[in-house]
Every structure is written in C-alpha cells, then in structure tokens.
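Residue numbers (the working numbering): 3 to 210.
Okay, so here's the structure we're looking at.
Here is the structure:
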C-alpha cells in the first residue's frame, strides 16, 4: 500500500517510497519521455501530501525536501506559453493562478460532484448547512491531500464575492490562511482580490 494512503506507515516505509519515486523519475528522464514534466508535477503533489501527513517523522522531512528539489527541475519541460496542462498542473506551474478546471465553475462542479462534502460546501441551498460542510473542510485542511487543499481553496474562490461580508465565512477563510503551502500563497491573494477585481486579474506571489 502506498504511504500516501497508509496512515500508519513507518519511517522506513516513507524512506523506501522516496527511493522508488526518485528512481522511477530518473528512469523516465533517461528514456527521454515527454511525460516526465507531467509525472514530476504529480510527484510534487504526492510529496506535498506526504510532508503534511508525516510531519511527525522528522527524520524524513529532509529527505522529502531533497526529492522535491530534484522533482522541481523536471517541471521545466512544460512550455510556459500554450501549454496543455493536465488538471492541477496549472496551479503549481503558475502559482497564484487557478487553471480552467477550477476557475470555470462548470468544470469545477464536475470535479467535486461525486464528493458529498465538497458539493455541499460549494452549493448547499441552506447557508448554515454550507457553513457546516465548509467548516469540516477547513478543520481537515492541514491533514488533507495537496489536491483536496486546492479544491478547498477553489470553493473559497467561487464563494468569496457573495459571502465576504459574512463573519462565519471570513472566519473560516482565516483559519486556513495561516497554514498554506508555498504554491498556495498566491491563490489566497487571488481569492481576496475578488472583492476589488472582476476575478480576471490574477496576482502572482513575490519572487523574492
């Protein structure tokens, strides 16, 4: 079973998984495969999730960071302009921007429609029910997978303009604002700027 799905994985189990991942990426790179950048971005999300889930395994955090540094070099094969991004890739390659899978509401609803908690947090007809499900997502945010964290941010993105004057909504937004990963920081600015912009202006995080 993958350490990403095993909540009781050992320190050695995590170490072995990292070795296998690094070896697999090197093999794909040596083969000159065009899928390498896409595989690398997928691996990055897995490593982010691993870092969150096993942060108590202090001995492995440096190993996770080391593999992440290797993986980042493999991202560069995706063309900056006109890239055909697979779902979730846009948000990592262009921090501070949602890709069309999240930004376009109809696309986003297709992603979350099979998960009752996500769907209800996004679209509950009763506001207090929506807050219940959104509160649940925020409570799980620190231990959620990197993908689910993006979806949670996407829900705030789509609901922000309508509910920015709600104390409950803004309180929930603040609970996750102090716990974001580096590539998520610009998305917070994008979400908050919706109260001032039309939503088409996107804010990139500082390069410094």
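Note that CB positions come from ideal geometry on N, CA and C, so glycine has one too.
**Item:** Contact between the segment 134-144 and the segment 161-178 (3+ Cβ pairs under 8 Å)
**Value:** These segments touch.
**Message:** Quick check on the burial criterion: 16 or more other C-beta atoms within 10 angstroms. Buried or exposed for residue 141?
**Reply:** Residue mapping note: residue 141 aligns to position 139 of the chain shown, counting from 1. By the neighbour-count criterion, in which a residue is buried when 16 or more other Cβ atoms sit within 10 angstroms of its Cβ, residue 141 is exposed.
**Prompt:** Taking buried to mean at least 16 other C-beta atoms within 10 Å of its own C-beta, is residue 192 buried or exposed?
**Reply:** Reading the chain shown from its first residue, position 190 is the one you call residue 192. Residue 192 comes out buried.
**Message:** If the criterion is Cβ atoms closer than 8 Å, does the pair residue 27 and residue 76 meet it?
**Reply:** Position 25 of the chain shown holds residue 27. Position 74 of the chain shown holds residue 76. Using a Cβ distance threshold of 8 Å, residue 27 and residue 76 count as a contacting pair.
**Request:** Kindly give me the distance between the Cβ atoms of residue 120 and residue 153, rounded to whole angstroms, as I take these residues to be in contact under 8 Å.
**Result:** Sequence index remark: in the chain shown, residue 120 carries index 118 (1-based). Sequence index remark: in the chain shown, residue 153 carries index 151 (1-based). Residue 153 and residue 120 do touch by the CB rule: their CB atoms are close to 6 Å apart, below 8 Å.
**Request:** State buried or exposed for residue 161, treating a residue as buried only when at least 16 other CB atoms are found within 10 Å of its CB.
**Result:** Within the chain shown, residue 161 is the residue found at index 159, counting from 1. Flag for residue 161 reads buried.
**Asked** Roughly how many whole angstroms lie between the Cα atoms of residue 48 and residue 22?
**Response** Taking the first residue of the chain shown as position 1, residue 48 is located at position 46. Taking the first residue of the chain shown as position 1, residue 22 is located at position 20. Computed Cα separation, rounded: 13 Å.
**Limits of the alpha helix (DSSP H) - the one that residue 112 falls within** = Position 110 of the chain shown holds residue 112. Run containing residue 112: 107-114, per the alpha helix (DSSP H) assignment.
**Message:** Quick check on the burial criterion: 16 or more other C-beta atoms within 10 angstroms. Buried or exposed for residue 146?
**Reply:** Taking the first residue of the chain shown as 1, we reach residue 146 at position 144. Flag for residue 146 reads buried.
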